[in-house]
Ligand code: SAH
Ligand code: MG
């Protein structure tokens, strides 16, 4: 695991930080999660850690960058997890997956979070969860000072929009956690609740 962390550091791969990862792994254990879809594998670090959280955990993970995909493949083999981690090379917004998962972990391009959420919400099982990483984005989402760099400002605005989108979402109930770089845990509401509110 140390070697993967070192590779990430040297090659500027934005893997999850330790505290966020611990939160995620604890969540998986506590909630007895068995099937996970991850959007944004990078070099397989979080996928490997999620798979190691329990012997029956199965992870499907999507990465669009070929270099990272190949590195992830290598890392997954090193941990002998190729039977429990299904790594897909492709753009998550162009794929179509039929399967349903206990947990979807969103950790890809920060400007596209609403798109991933909307696209993959139907792939969440009844009582399932979507967890999104980097919701506070190095603290920039919560500070009020104007961000000078235009690209960065636009990105932070998109994360803010995503937070509002989650707060307004009728199908999922979200709690926000100031752990790691900020995590949002969105729990799918039960159908009968929906029926009551629709009645
Ligand atoms: N979850 C990883 C870190 C992921 S970094 C970990 O903690 O170990 C984000 C990754 O998402 C990058 O490697 C980037 O190439 C990938 N990505 C961005 N947009 C994507 C998309 N639309 N489909 C698939 N992967 C995407
Ligand atoms: Mg992240």
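In our numbering, the protein residues as written are 1008 to 1206.
Think of the CB as a built atom: it goes at the ideal place given N, C-alpha and C, for glycine as much as any other residue.
Using CA atoms only, rank isn't needed, just tell me which of the options is closest to residue i.
| i | options | result |
| --- | --- | --- |
| residue 1060 | 1171, 1048 and 1043 | 1043 |
| residue 1183 | 1051, 1132, 1027 and 1019 | 1027 |
| residue 1021 | 1040, 1052, 1036 and 1035 | 1052 |
| residue 1117 | 1145, 1153, 1105 and 1155 | 1145 |
| residue 1198 | 1111, 1178 and 1189 | 1178 |
| residue 1037 | 1050, 1064 and 1078 | 1064 |
| residue 1093 | 1070, 1113 and 1151 | 1070 |
Is residue i helix, strand or coil when you go by DSSP?
| i | result |
| --- | --- |
| residue 1195 | strand |
| residue 1105 | coil |
| residue 1008 | coil |
| residue 1160 | helix |
| residue 1127 | helix |
| residue 1149 | coil |
| residue 1056 | helix |
| residue 1022 | coil |
| residue 1088 | coil |
| residue 1051 | coil |
| residue 1100 | coil |
| residue 1013 | helix |
| residue 1035 | helix |
| residue 1132 | strand |
| residue 1206 | Per-residue confidence for residue 1206 stands at a pLDDT of 49, beneath the threshold of 50, marking its modelled position as unreliable; the derived number appears in the next sentence. Coil. |
| residue 1027 | helix |
| residue 1177 | coil |
| residue 1154 | coil |
Can you check whether the C-beta of residue i is within less than 8 Å of a C-beta belonging to chain D?
| i | result |
| --- | --- |
| residue 1058 | Protein chain content of the structure displayed is limited to a single chain, and chain D is not contained in it. |
Name the DSSP beta bridge partners of residue i, please?
| i | result |
| --- | --- |
| residue 1044 | 1067 and 1111 |
| residue 1183 | 1191 |
| residue 1093 | 1067 |
| residue 1140 | 1190 |
Would you kindly report the start and end of the unbroken alpha helix (DSSP H) that includes residue i?
| i | result |
| --- | --- |
| residue 1080 | 1073-1085 |
For the ligand SAH, is there any heavy atom lying closer than 7 Å to the beta carbon of residue i?
| i | result |
| --- | --- |
| residue 1085 | no |
| residue 1113 | no |
| residue 1190 | no |
| residue 1075 | yes |
| residue 1026 | no |
Does the distance between the C-beta of residue i and the nearest non-hydrogen atom of the ligand MG fall short of 7 Å?
| i | result |
| --- | --- |
| residue 1021 | yes |
| residue 1063 | no |
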